[in-house]
Each structure stands twice: as C-alpha cells, then as structure tokens.
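In our numbering, the protein residues as written are 3 to 319.
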C-alpha cells in the first residue's frame, strides 16, 4: 500500500487507478494478496483453537495461506515483467528470473510430501510434476527473453532448496504437534531438490529452436511449441529423476550434502525400513498409459505457461 501511495505523479498515466490512488498492477495484486494472507492467518488461529492441528494435513485456512503466498510471489513476477517491458530497469530481467525461482521453490515446498524420493517411481509423482513445473518454468523463462532464463529459474530453485537441506539441520528443534513417532532434535530439511535443471536446459533449447517471434505468435504455433516443450520436459525429467531417486535412497546418499538414505524422517511417521524403499510402485506403477497422461499434462502446463508469458511480456503497468 505504501508503494502504491508513493507513486510519482508522472506514473499516473501508466498505472492502474483505484479512486484517488494509482500504481502498477502488481502493487494492487500485492495489496489484495497481503489482505488474503492476513485473513487466512486469523482463520487459521480460529481453526486450530476449534479443531486442533494435525501434522501432515492441509486444513482450509492453510490452503488460503498457500494461495496468498503464491500470489505475493507472483506479484513480484508481475512488477519485474512490467519494469522489463517498459524499460524502467536494467535489472528487471535478472530479478524476474529470481522471483520465478522463488515461485518455483514455493510450489515445490507445497508438494514436499509428493516430492519424497520414495514416491519417485510411482506415476502420481510424475503426473503432479508434469502439471505444475512446466507452467512456471516457461512463464518466467519466456517472459524474461534471455537465452538461459528457464535454466536460471531452475538453478535458483535448486540453490534455495539445497541451502535448506544443508542449513536447517544445524539448528536445534523439537516437535510439538502430535503424533510424534520419531522424536527429533534438529530442524528437518526438505528432500534434496528435484533436478529440474535437466529439463530446463532442454526447454531453453526448444524455445530457441521454435522461437515465438512476432510473426509466429498465433495459437497454432503456440500449441506446437507447447507440445514440443511438454514432451521435452518429460523426456528429460523422467529418466534423470528416476535414477537419481535410486541414488538418494541408497547408503551412498546418507551424508550432509544429499541428506538421503533415510537420514531425515518426519516425526509424525514411524521409523521402519520404508525409509529407503519406493512407495506405491505396485499400486500406482509408471505405465505407458500413465506416461501418456503425464505428457498431456505437461503439454497443457506448457501451453498455460506460454499464455502467461505472453501476457507478462505485454504488461506495461
């Protein structure tokens, strides 16, 4: 709100007006996202007092909080995209990649339980990943316009998640929310980051090979690019993550760097041999039918990312 009120008079022509106030579109979305986050926090306090809090469960107020956090970070993407389109700052492109990496990290945090290495031989993991990650990678990468913007976004995500893997266990902590089957004395880090840099490199190459120029920015060409990008994402992501998850569950990954081999385990889950086994392989195998569905989801996600990137590229206020 302070940013909106502080807009100079010479920005009134390009800003979004709301009564006597004027500011960039991202600032207004930022304001409403902050209000949503505050309302969700109040609702969450009431919910915990009335129904309690269960570890590993998503209550409705927490879903609202997640939406608020997502929109807060997307506002940063909007502000950077608007600054880049209007030429207001030379740092807008790097900042756009940075905020895209933050957005990608937030989505990975939301999907922490689905991203465990133990789940990475089941179809559900690849279906969820195909539906979420291509959209963010392409939305930010294409809007930035850089040669390696998609790869940069993936590297920001991997750097942030890896930092949490390495730093969080250094601080003492103890669980307070039942059930507590596995008492811990240190903060538990997330799983080692997904190797999204592999499909990101392929997506950058695909975007350069099938460039969306001004003369080729129609719906048919966008659909072709989305189909190629979706297939490229899955072709790189599945084999890399499949074999890397095997490594993460092996004793070779039981160290501070990879934090694998069952080294860290949620306090609300019982300790047993399942820590180093794959889950749901028999019930939810990665069949050709599941791979085809994942390819379709990746294509739709890529198409959505290209649509959003086109809108961000045209954002002037």
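Glycine included, C-beta positions come from ideal geometry on N, C-alpha and C.
Determine, using beta carbons only, whether residue 209 and residue 144 come nearer to each other than 8 Å. Yes, the Cβ-Cβ distance between residue 209 and residue 144 is below 8 Å.
How would you write the range of the alpha helix (DSSP H) that residue 238 sits in, first residue to last? 221-250
At what residue ranges does the segment 58-131 contain a whole run of the alpha helix (DSSP H), taking only runs of 4 or more? 62-88 and 94-112
Collapsed DSSP secondary structure at residue 192 in the structure displayed: coil
Identify, in the order they occur along the chain, each residue of the same chain with its Cβ nearer than 7 Å to the Cβ of residue 284, setting aside the five sequence neighbours on each side. none
DSSP-derived helix/strand/coil call for residue 305: For residue 305, the secondary structure class from DSSP, reduced to helix, strand or coil, is helix.
Closer than 8 Å is the cut-off here; do at least three beta carbon pairs connect the segment 90-109 with the segment 247-261? Judged by Cβ distances under 8 Å, the segment 90-109 makes no contact with the segment 247-261, as fewer than three pairs qualify.
Tell me, please, which residues DSSP counts as bridged to residue 174. 188
Same chain, Cβ closer than 6 Å to residue 162, neighbours up to 5 away in sequence not counted: 107
Could you name the residues that DSSP lists as bridge partners for residue 287? 124
With 16 as the cutoff for other CB atoms within 10 Å, does residue 303 come out buried or exposed? buried
So what's residue 155 in DSSP terms, helix, strand or just coil? helix
Alpha carbon to alpha carbon, how far is residue 191 from residue 136? Give it in angstroms, no decimals. Near 25 Å, if we compare the C-alpha coordinates of residue 191 and residue 136.
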